[in-house]
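For reference, the structure is listed below as structure tokens.
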Ligand code: HEM
């Protein structure tokens, strides 16, 4: 048995490297060892160890530490992050997941599919005839917010408020937390007050939405408190918007630069579920997450002393050749026994995965079919490489706009409006 700091490990510092170079460095390190040393601590880089570590309850989420690592000292802000479901562990986390599970099943997500199709088709309606757009600004950015509002049961006309709150709260990833903290806290307080009011309304008149489901969720007499309801609603808004919009942009960026795969999906929309898993594997919007050893942990004959930080390189695990043969080939017909890890694994596995899958499974076939012959109309610009959620900041596309009514493209778009891809 050795302690982790005694091991002779590949040293990796990804600071300043672009995504491709970072991924190459990670996968090269994975050939040499299952563990690497990083400036922050250690990192697991293979699929098997990433899954094992995320499922190991002795390693806890480091979500609340990310702000601390970035130098934030506000105790009010830190307390809020510690109360988030993403930071909770053990019995309190299990209790919360049990109470909310019923509201996040694939069936619950399926109920939203008609609305989701309406939203994506509405966005494409606004750009289709122009034959060009910036997919990020015109489609991906606005796409998830009305869906989250519908899910929560907030009135449609309020989606712009949610959009502003989400944008301000996401300043947390801007790498300038000291300057951004007042905006983040103001948005968070307004959102708290809004959700608090909505909860009171739903208590007196329940409706067919997530908040009403969460209010009535009960197990053996146990219910969510008012504070827990507010926290869950905010977690859903924060965890469910930027992730989905960036993943959609990543998936479309991949398909448009692999025209054979774009055409294949346009011809066979039933491949949408596999196209979602494969594009999430190949280019995930969440590329890593962080854990710390909550006690002295022995894993693979190595001791990780209590407090050791370990990052899980989801992006590298998703290109592990032992899990995915020919991992650098994008193939939307790929059938894999190993799951892609962009939704994480273990107790913190993405609670909104069914909804995110539904949103992507509905959006991809609509976009490939209503943007025939799509190609890049300039270069893709990418967000800065940070630990957070990542994707293109600009994705200029051009396609062959529809001909006169009844022409070939018009016919195809009508087909997809009503289609529900196989799941
Ligand atoms: C493509 C879109 C999405 C991606 C890539 C994604 C990714 C993830 C990942 C990797 C985690 C685990 C983090 C960790 O282990 O440290 C997570 C957790 C979570 N996600 Fe998602 N997510 C997406 C969409 C959504 C949506 C739409 C919702 C809500 C409707 C959502 C709600 C949550 C929540 C509440 C958690 C915390 C679960 C817990 O800690 O128990 N996510 N997500």
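Numbering (the working numbering), first residue to last: 197 to 619. By construction, the Cβ of each residue, glycine as well, lies at the ideal position given by its N, Cα and C atoms.
DSSP-derived helix/strand/coil call for residue i
i: residue 287; result: helix
i: residue 463; result: helix
i: residue 329; result: strand
i: residue 475; result: helix
Buried or exposed by the 16-neighbour rule on C-beta atoms within 10 Å, applied to residue i
i: residue 417; result: exposed
i: residue 476; result: buried
i: residue 604; result: Low confidence applies to residue 604: its pLDDT is 46, below 50, so where it sits in the model is not reliable enough to give any reading.
i: residue 224; result: exposed
i: residue 200; result: buried
i: residue 239; result: buried
i: residue 346; result: buried
i: residue 536; result: buried
i: residue 241; result: buried
i: residue 550; result: buried
i: residue 251; result: exposed
i: residue 322; result: exposed
i: residue 423; result: exposed
Distance cut-off 7 Å: residue i Cβ against heavy atoms of ligand 1
i: residue 544; result: yes
i: residue 234; result: no
i: residue 436; result: yes
i: residue 431; result: yes
i: residue 584; result: no
i: residue 475; result: no
i: residue 536; result: no
i: residue 551; result: yes
i: residue 309; result: no
i: residue 304; result: no
i: residue 212; result: no
i: residue 301; result: no
i: residue 539; result: yes
Closest by C-alpha distance to residue i, when choosing among the options
i: residue 299; options: 410, 535, 442; result: 410
i: residue 465; options: 480, 230, 556; result: 556
i: residue 221; options: 244, 328, 513; result: 513
i: residue 507; options: 212, 255, 227; result: 255
i: residue 303; options: 585, 554, 579, 588; result: 554
i: residue 333; options: 576, 361, 233, 397; result: 576
i: residue 442; options: 337, 229, 453, 377; result: 337
i: residue 365; options: 352, 374, 382; result: 382
i: residue 294; options: 327, 281, 306; result: 281
i: residue 211; options: 227, 204, 234; result: 234
i: residue 355; options: 315, 481, 509, 495; result: 315
Ligand 2 heavy atom lying under 7 Å from the CB of residue i
i: residue 257; result: Ligand 2 is not among the ligands present in this structure, which contains only ligand 1.
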